[in-house]
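Residue numbers (the numbering used here): 190 to 719. Backbone N, C-alpha and C define an ideal beta-carbon position, used for all residues, glycine too. Small disclaimer: the values here were computed from a predicted structure and weren't measured.
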């Protein structure tokens, strides 16, 4: 009664990730996984297949299959529970549910499989526990880093004090000796006078030489050619702040370099440069990237009905190289007639209206290229949809507060449309001012209480066909029903209302079309129940 293997395979049968939990040869597991796509039939309502020796329990995840291979004596209810838990964890640890995203996060997914299944049996874990285990935070490691950082800070302070003492002694010697750098003319032979030996550290890199100390023969020869009678007041008395800063910088850097050579991790305070971005955008790897994004602005009434439903979408283009800029984009729209499309003023409107091809009015003119960290690309197409039809709303929320004695019992229920699979769903319920967190008696998902803003956040990682509806119940001290509104919702999805897809890239100068990637997402901008 064990799980033999947990795998993620493509619909063509390609194995992306597989973890075996029993002693099994590679040839056998590859044979079992290769036979799986041939056994899948069409029109079946169940998601398991039995053969003579094993049972396949699977769940589609976009263009992939999440698959458990078990023996026939295994408890199928427990296997389905294990599969449901893994289906919530895989999107959490893979940034995209395609072949590239799964392969890039293969080791993280194997760690997740190991946390859920041990020796073929399901562990008693939840989504939050697996996430905590995979983060592998160590208090001892944090303490060690704090100790090492304190040692580095103490050494920096010591370097500052030493540099200040050396700088003071240099100024005192310069006051007693008015001859300036006259004795340096004897340094042509490479010998340094004792009276200047103490200055070789703090004066390093102050602009007199090429960055090396006074002790080098190169610097000594460069000073020996200067005339003795040259005024030396400005040269012998550099500003105190400059000498301390430069002397400290080199000595501190030497010490930090020695620590790095010994394998220590040094965390230095680096001042950001002007114009430096705070967050670096993920680099684009494909020559051409097309992004489809729709933003939802929805206001629902607490008693039912839609007060406002507005969808605004945009298709953006980013091109890395100039040689790929002479192109046209062939798109395909869905059958949603409530959406009105508008092209950019520089686009050929007739070409889009007749053939659904996005191209510039002047075909000899290239699209802008380059990648800016704060740019979202060149907008090619925009669209908008407005409606008051409640049946197209992706997620509806029902809140039922009821008072009994000195307490208020609140029951909240969500219902999701079958049009979209929603990810990272967070339902924020405002609460009256409380001394302690509310008592949550039942919940489908996770919850967190924000005491500063007095908000209860209900989180669901994924809403799909397995959990189109869910509920939460909690108790707070007696309060008015209006105190629990407005309820804010945020989520994202990989499908859109427009169902806009890029079918091909048409090169205008001949040759093979450049490789392109399409990114599609539906996000909430303002989604409330008032």
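Residue i vs residue j beta-carbon contact at 7 Å
| i | j | result |
| --- | --- | --- |
| residue 524 | residue 609 | no |
| residue 511 | residue 548 | no |
| residue 590 | residue 670 | yes |
| residue 686 | residue 574 | yes |
| residue 623 | residue 680 | no |
| residue 305 | residue 274 | yes |
| residue 481 | residue 309 | no |
| residue 631 | residue 662 | yes |
| residue 292 | residue 205 | yes |
| residue 552 | residue 509 | no |
| residue 583 | residue 607 | no |
| residue 212 | residue 246 | no |
| residue 706 | residue 478 | yes |
| residue 602 | residue 587 | yes |
| residue 627 | residue 665 | yes |
| residue 296 | residue 323 | no |
| residue 199 | residue 253 | yes |
| residue 677 | residue 617 | yes |
| residue 522 | residue 689 | yes |
| residue 667 | residue 592 | yes |
| residue 316 | residue 277 | yes |
| residue 251 | residue 286 | yes |
| residue 577 | residue 500 | no |
| residue 282 | residue 272 | no |
Burial state of residue i, where buried means 16 or more other Cβ atoms lie within 10 Å
| i | result |
| --- | --- |
| residue 526 | exposed |
| residue 585 | buried |
| residue 248 | buried |
| residue 401 | With a pLDDT of 39 at residue 401, under the threshold of 50, the modelled position of that residue is not reliable, and the figure given next carries that caveat. Exposed, because fewer than 16 other Cβ atoms sit within 10 Å of the Cβ of residue 401. |
| residue 721 | Residue 721 cannot be examined here, being either before or after the span of the chain that is shown, 190 to 719. |
| residue 194 | buried |
| residue 228 | exposed |
| residue 556 | buried |
| residue 359 | buried |
| residue 284 | exposed |
| residue 332 | exposed |
| residue 634 | buried |
| residue 208 | buried |
| residue 514 | buried |
| residue 534 | exposed |
| residue 701 | exposed |
| residue 216 | exposed |
| residue 594 | exposed |
| residue 197 | buried |
| residue 709 | buried |
| residue 704 | exposed |
| residue 318 | exposed |
Bridge partners - residue i, DSSP secondary structure assignment
| i | result |
| --- | --- |
| residue 197 | 206 and 255 |
| residue 291 | In the DSSP output, where bridge partners are listed per residue, residue 291 has none listed. |
| residue 265 | Residue 265 pairs with nothing; no bridge assigned. |
| residue 797 | There is simply no residue 797 to check, as the chain begins at 190 and stops at 719 in what is shown. |
| residue 568 | 505 |
| residue 677 | 617 and 717 |
| residue 237 | 246 |
| residue 710 | 482 |
| residue 491 | DSSP lists no partner for residue 491. |
| residue 646 | 617 and 637 |
| residue 341 | Answer is none; residue 341 lacks a bridge partner. |
| residue 517 | 695 |
Within-7 Å CB hit, residue i to chain C
| i | result |
| --- | --- |
| residue 597 | The structure shown has no chain C; it contains just one protein chain. |
Next on the checklist: I'd like the ranges of any beta strand (DSSP E) spanning at least 3 consecutive residues and lying wholly in the segment 520-561.
Outcome noted: 529-532
Next on the checklist: Assess contact between the segment 705-716 and the segment 483-490, defined as three or more Cβ pairs (one per stretch) separated by less than 8 Å. Is contact present?
Outcome noted: yes
Next on the checklist: Under 8 Å: do the segment 566-586 and the segment 497-514 share three or more Cβ pairs, one atom per stretch?
Outcome noted: yes
Next on the checklist: Under 8 Å, with one C-beta from each stretch per pair, do the segment 689-698 and the segment 644-663 reach the 3-pair mark?
Outcome noted: Contact between the segment 689-698 and the segment 644-663 is not established, with fewer than three Cβ pairs separated by less than 8 Å.
Item to check | Validate contact between the segment 342-350 and the segment 311-318 using beta carbons, cut 8 Å, 3 pairs | outcome: no
Item to check | Residue ranges of each alpha helix (DSSP H) within the segment 571-630, 4 or longer | outcome: none
Checklist entry - What are the complete alpha helix (DSSP H) segments, minimum 4 residues, inside the segment 274-335? => result If you keep only unbroken alpha helix (DSSP H) runs of at least 4 residues inside the segment 274-335, you get 288-293, 295-305 and 316-324.
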